[in-house]
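For the record, in the sequence shown the residue sitting at position 234 is 234 according to UniProt numbering, with numbers rising by one throughout.
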Amino acid sequence: MKSGVYQFLVGCFAAIGSFLFGYDLGVIAEVVASDSFKSLFLQSNGDTRSGTVVALFTGGCFCGAFLASYTDPLGRRGTILMACCIFVVGGIIQTGGVVIAMLYVGRLIAGLGVGFLTMIIPIYQAELSHRKIRGKITSLQQLFNAIGQIFATWIGWLCDHDRAEDGLKTLAKLHAHGDISDPYVIAEYELIQAQIAEEHSQKKVGYIDLFKGWPNLRRTILVMAIQASCQMTGVSAIQYFSPQIFAQIGISTGESLLFQGVTAIFAFLGTATCIATIDSVGRRPLEIYGCLFLCVTFVINAAIIKVFPASAPSTGAHWAFVVLTWLFNFVFFWTSGPLSWSIPAELFGTAMRLKGVSWGAMTSFAFNTMIGQVTPIAVSAIGWQYYIVFIVCNLGNAIFFWAFLPETKGLNLEDMDELFRDHPTFVPRSHWVPSSHIDEDALVYSKQERVLESGKTAADVLQQHVERAT
């Protein structure tokens with residue numbers, strides 16, 4: 001099996017766990033709009049209660065993302081397995097819920113499990129991927145829809161926990177059909193070992209270290225901005241409360257739930273498009289132009305709601321609103337959706353990656369919780385004017401990414417420390433190549449020639465790198 005195919009399949013299998021979050025997003029919109037749910041749980045304070053049902057789940061996600069940063073001893077597989085078990089417990093409580101309090105508890109516990117998963121899966125995918133397809137693999141988190149057992153091991157974690165031999169073998173399996181003397185494998189392995197050696201010379205990393213020194217603070221600000229901007233595109237408002245939003249122009253609950261099903265298809269197609277284009281187009285263009293398009297869709301939809309309210313419906317306006325919502329979801333899942341998890345998983349070095357991605361995930365769920373709590377109340381109170389918030393935010397997102405987001409396409413994870421140390425903060429057009437860049441064209445020579453030049457067999461190469469690690 002080709003190494004790229006093997007990496008892709010492992011990334012697919014890991015991405016299965018992210019189904020839990022996507023499944024909840026799809027189900028909750030239908031649940032809170034159903035007559036049976038309203039009659040059982042929303043007899044009073046309906047807007048507040050429905051917002052709390054959504055917000056408690058994302059609040060649990062926030063806590064899970066925080067706790068996941070302390071799971072390094074479990075490894076990536078162990079953390080994902082534990083998170084799936086937690087989600088199952090939450091699902092059982094929700095299924096058996098007969099009073100609102102049980103539903104609240106189940107939502108909180110299920111969110112805790114999802115918080116672990118959505119934080120750890122993109123890290124796992126980024127760490128096992130070749131730099132040329134890392135964007136594709138980390139984008140798989142938005143695509144897959146099941147739960148499974150994870151069977152591969154994180155290379156950096158192995159090397160960092162005195163298992164360098166296993167790390168080199170796994171790296172070889174991912175990139176070179178198990179050939180431990182492959183030039184790229186050896187060069188990549190040496191970069192990982194050098195970074196770990198440097199990080200071991202420093203003290204243990206805590207959250208406070210994310211804010212120490214401009215290179216770290218800059219990355220932390222970027223990760224927080226990326227995750228916050230993703231939520232402030234307005235996608236969560238649409239996903240959670242589409243029936244209420246569609247009702248603004250006279251679309252019935254039954255129709256809106258049907259349209260929401262079609263929306264999910266567009267989301268799938270958008271994610272598939274992202275996987276096909278992210279490593280060729282790059283991260284910056286997708287973020288910038290994606291946010292601009294989302295801004296335009298909100299401008300038009302806000303105008304439609306204002307001019308054609310539910311009291312004066314129009315079939316043409318009705319369909320224009322629906323089609324624009326479908327296009328919004330397609331573009332979001334092509335751009336901001338997958339990238340909000342792909343980019344944070346790339347930006348930090350090995351020692352700080354867990355804490356950095358955890359902080360970003362907590363930011364995402366904090367904003368998600370706010371949107372879930374505020375949206376039903378805001379839609380009822382101010383209607384189309386609520387869209388102005390997302391118009392402004394999407395435009396601001398595009399400007400921010402144009403000015404401050406460096407391109408990470410084609411870079412190794414081990415290059416990120418140098419990128420944020422040497423690259424300017426203002427990056428409207430720049431493209432940066434690290435000093436440690438692995439030139440694969442220069443490394444293209446046969447394994448036999450390398451052995452003749454060095455006088456060592458593949459086994460000798462392995463032993464040499466194991467000795468260096470210990």
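Glycine residues also receive a C-beta, built at the ideal position from the N, C-alpha and C atoms.
Given the structure is predicted, the values throughout are model-derived calculations rather than measurements.
- Tell me which same chain residues have a C-beta within less than 6 Å of the C-beta of Y387, skipping the five on either side of it? F298 and A302
- If F404 sits next to L222, beta carbons under 8 Å apart, how far is it from one beta carbon to the other, in whole angstroms? 7 Å
- Message: To the nearest angstrom, how far is the alpha carbon of E414 from that of T350?
- Response: 8 Å
- When the Cα of I86 is compared with those of F328, G234 and G60, which residue comes out closest? G60
- Task: Within 10 angstroms of the Cβ of P313, are there 16 or more other Cβ atoms? Answer buried if so, exposed if not.
- Result: exposed
- Task: State the CB to CB distance for the pair T273 and W334, rounded to an integer number of angstroms; the pair is presumed to be in contact (CB under 8 Å).
- Result: 5 Å
- Task: Give the straight-line distance between the Cα atoms of W359 and G316, rounded to the nearest whole angstrom.
- Result: 44 Å
- For Q7, which option in S69, G91 and A126 has the closest C-alpha, if you only look at C-alpha atoms? A126
- Query: CB-CB under 7 Å to G383, same chain, minus the five flanking residues each way: which ones, in chain order?
  - Reply: Q248 and I305
- Message: I need the straight-line Cα distance from G206 to A381, nearest angstrom please.
- Response: 42 Å
- Taking Cβ positions, are G234 and P309 nearer each other than 9 Å? no
- Query: Where does G11 fall in DSSP's three states?
  - Reply: helix
- Would you mind sorting Q448 into buried or exposed? The rule is 16 or more other CB atoms within 10 Å of its CB. At Q448, the pLDDT of 38 sits below 50, so the modelled position is not reliable and the matter cannot be decided from this model.
- Task: Could you check what DSSP says for L411 in three-state terms: helix, strand or coil?
- Result: coil
- Query: Would you call the region 97-105 and the region 387-397 in contact, with 3 or more CB pairs under 8 Å?
  - Reply: no
- Indicate the three-state DSSP secondary structure (helix, strand or coil) for I133 in the structure shown. coil
- Mind checking which residues open and close the alpha helix (DSSP H) that includes residue 471? Nothing about residue 471 can be read from this structure; the chain reaches only from 1 to 470.
- So, using beta-carbon positions, are G290 and N329 closer together than 9 Å? no
- Query: Can you tell me the Cα-Cα spacing of V54 and T363, whole angstroms?
  - Reply: 16 Å
- Ordered along the chain, which non-local residues of its own chain (more than five positions away) have a Cβ less than 7 Å from that of Q94? L103, G106, R107 and A110
- Task: Would you kindly check if the distance between the Cβ of F390 and the Cβ of M224 is under 9 Å?
- Result: no
- Item | CA nearest to the CA of G51, picked from N412, V98, Q244 and Y189 | Q244
- Query: What do you get for T425, buried or exposed, if any count of 16 or more other CB atoms within 10 angstroms of its CB means buried?
  - Reply: exposed
- Message: Taking the alpha carbon of I120 as the reference point, which residue from F400, Q260 and S342 has its own alpha carbon closest?
- Response: S342
- Query: Is the CB-CB distance between I278 and L339 below 9 Å?
  - Reply: yes
- Exposure of residue 471, with buried meaning 16 or more beta-carbon neighbours within 10 Å: Missing from the structure shown is residue 471; the chain here goes from 1 to 470 and no further.
- Item | Q125 - containing alpha helix (DSSP H), residue span | I100 to L128
- Item | Nearest residue (CA-CA) to S252, options V114, S311, D182 and A361 | S311
- Taking only heavy atoms of the ligand ZN into account, decide whether any of them is closer than 8 Å to the Cβ of G290. As far as ligands go, the structure on display features none, and thus does not contain the ligand ZN.
- Residue burial classification, E440 (beta-carbon count within 10 angstroms, cutoff 16): Its pLDDT being 49, under 50, E440 is placed unreliably in this model, and the value from its coordinates should be taken loosely. Exposed, because fewer than 16 other Cβ atoms sit within 10 Å of the Cβ of E440.
- Let me know if Y189 comes out buried or exposed under the rule of 16 or more other beta-carbons within 10 Å of its beta-carbon. buried
- How would you call P122, buried or exposed, if buried means at least 16 neighbouring beta carbons within 10 angstroms? buried
- Task: Could you pull the start and end residues of the alpha helix (DSSP H) that W384 belongs to?
- Result: Taken as a continuous stretch (DSSP letters only), W384 belongs to no alpha helix (DSSP H), as it is neither H nor E.
- Would a C-beta distance cut-off of 9 Å place L67 and L117 closer than the cut-off? no
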